[in-house]
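Student: 0 is the number of the first residue of the sequence shown in numbering that gives the first Met the number 0; add one for each residue after it. We put the CB at the ideal spot given by N, CA and C, even for glycine. All figures in this text were calculated on a predicted structure; none of them were measured in a lab. Before I ask anything, here is the structure I am working with.
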Amino acid sequence: MLSRTASDLYWMSRYLERAENLARMLEVSYSLSLMPQDGRGDGLEEMAMPLLITGTLDDYLERHGKLHAERLLHFFALDASNPASLYSCLGAARACAHAVRGRITADMWENINATWLEIRGIAEQGLGRYGLSRFCEWIKERSHLFRGATYGTIMRNDAFRFIRLGTFIERADNTLRLVDARYEMLGDEAESVDEDSARSYYQWSALLRALSSFEAYTEIYRDAPSAHNVAELLLLRADVPRSLRACTEEIDQILASLPGLNGRPAQRLAAELDARLRYTGIAEILDEGLHTWLTDFIPLVAQLGNAIHSSYLEAV
0 MLSRTASDLY WMSRYLERAE NLARMLEVSY SLSLMPQDGR GDGLEEMAMP LLITGTLDDY
60 LERHGKLHAE RLLHFFALDA SNPASLYSCL GAARACAHAV RGRITADMWE NINATWLEIR
120 GIAEQGLGRY GLSRFCEWIK ERSHLFRGAT YGTIMRNDAF RFIRLGTFIE RADNTLRLVD
180 ARYEMLGDEA ESVDEDSARS YYQWSALLRA LSSFEAYTEI YRDAPSAHNV AELLLLRADV
240 PRSLRACTEE IDQILASLPG LNGRPAQRLA AELDARLRYT GIAEILDEGL HTWLTDFIPL
300 VAQLGNAIHS SYLEAV
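Dropping the structure here:
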């Protein structure tokens, strides 16, 4: 497969996964901002969380001056001039899909093209008329439909592998950043032994719901969400689809199945990260400090992405 084709397939799936993750992030931040703040502010701190995670806070402040709920939602959801917005992610995904139209199935193309046309219509109407919750659910639904069309219609060849590879690299990065952001938001409460505090409960519950893992948590632990259990579930449980461990395991297997010798650096790094998670216990992570461990691991995922790019996606 040509490196350009592999790159478009890889980034098409990354942008779609990113859009879904951003919608999850925005929805949970908006929901938490509406809750009583116990003297902690007016909820805008929660609304700013997606900006902090995506590194777009400075860009927003430069253009809008101060945090404002309505402008913030538009900037993050439908602002075409913001490269990190949901609108921009779907536009980039559609452009990549168009470039590889001959390598994806008709069902995949029709789904992604229809999604792009629909979000353009939503942008013309404005988010206020559509509703944030409905909009975020629509984004997730379109992502699920595309993933289902991909899994159900495309041949199990290199095109399929690069699409899946982009999905899991993006998902791993998102899971790390979301866990770290929620942990930092709780501050001292994150380590508190009082797991019954309302704020701690809703913060951890919101994180689990954002990653579609709340039902898995209640089935496995049956206790109120705590830093120890949530971190173990979202970082080390291979049977939770959006956990870090599940993502690195998939990446390792996909890279190992790609032919040729060019990918050895990426394959080696993926195997190292998967082994590190496979043989690490949550007690070791918490002893090191959850925030410290997460901030050390985030660059490793970025390094893996760079290794994949140099091994497979650069023209030689």
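Could you pull out every residue in the same chain whose Cβ sits closer than 7 Å to the Cβ of residue 102, ignoring the five residues on either side in sequence?
Tutor: So the list reads 4, 8 and 158, once near-sequence residues are dropped.
Student: Do you know how far the Cα of residue 227 is from the Cα of residue 104?
Tutor: Going from the Cα of residue 104 to the Cα of residue 227 covers about 43 Å.
Student: Grab the span of the alpha helix (DSSP H) containing residue 182 for me, first residue to last.
Tutor: Residue 182 -> alpha helix (DSSP H) spans 157 to 185.
Student: If you drop the 5 nearest sequence neighbours on each side, which residues of the same chain put their C-beta closer than 8 Å to that of residue 122?
Tutor: Correct list, in chain order: 77, 79 and 86.
Student: For the alpha helix (DSSP H) containing residue 109, list its first residue and its last residue.
Tutor: Taken as a continuous stretch (DSSP letters only), the alpha helix (DSSP H) holding residue 109 covers 105 to 124.
Student: In whole angstroms, what is the alpha-carbon distance linking residue 44 and residue 84?
Tutor: Going from the Cα of residue 44 to the Cα of residue 84 covers about 19 Å.
Student: Give me, in chain order, the residues of the same chain whose beta-carbon lies closer than 6 Å to that of residue 91; leave out the 5 immediate sequence neighbours on both sides.
Tutor: Once the five neighbours on either side are set aside, the close Cβ partners of residue 91 are 14.
Student: With residue 270 and residue 251 assumed to form a contact (beta carbons below 8 Å), what rounded beta-carbon distance in angstroms separates them?
Tutor: The pair is a contact, with the Cβ atoms about 5 Å apart (cut-off 8 Å).
Student: Assuming residue 170 and residue 241 are in contact, meaning their beta carbons sit under 8 Å apart, how far apart are those beta carbons, in whole angstroms?
Tutor: Rounded, the Cβ-Cβ distance is 6 Å, consistent with contact.
Student: For residue 160, collect the residues of the same chain with a Cβ closer than 7 Å to its Cβ; drop the 5 residues on either side in sequence, then sort them by chain order.
Tutor: The answer, listed in chain order, is 253, 256 and 257.
Student: DSSP three-state call for residue 19: helix, strand or coil?
Tutor: Residue 19: helix per DSSP, three-state reduction.
Student: Would residue 221 and residue 234 be called neighbours here (beta carbons separated by less than 9 Å)?
Tutor: No.
Student: Give the straight-line distance between the Cα atoms of residue 96 and residue 130, rounded to the nearest whole angstrom.
Tutor: So the two alpha carbons sit approximately 28 Å from each other.
Student: Thinking residue 178 and residue 215 are a contact (beta carbons under 8 Å), I'd like their distance in whole angstroms, please.
Tutor: So it is not a contact: roughly 15 Å between Cβ atoms.
Student: Using a Cβ-Cβ cutoff of less than 7 Å, which residues in the same chain neighbour residue 313 once the five nearest sequence positions on both sides are dropped?
Tutor: 2, listed in sequence order.
Student: Cα separation between residue 70 and residue 20?
Tutor: When rounded, the distance between both Cα atoms is 20 Å.
Student: Excluding the 5 residues flanking residue 303 on each side, which residues of the same chain have their C-beta closer than 8 Å to its C-beta?
Tutor: Answer for residue 303: 168, 250, 265, 268, 269 and 272, listed in chain order.
Student: Below 8 Å CB to CB, which residues in the same chain sit around residue 180 once its five sequence neighbours on both sides are set aside?
Tutor: Excluding sequence neighbours, residue 180 sits near 48, 51 and 52.
Student: Can the beta-carbon of residue 118 be found closer than 9 Å to that of residue 89?
Tutor: Yes, the pair counts as a contact, with Cβ atoms nearer than the cut-off.
Student: Grab me the residues of residue 148's own chain with a C-beta within less than 6 Å of its C-beta, minus the 5 sequence neighbours each way, in chain order.
Tutor: Correct list, in chain order: 106, 107 and 110.
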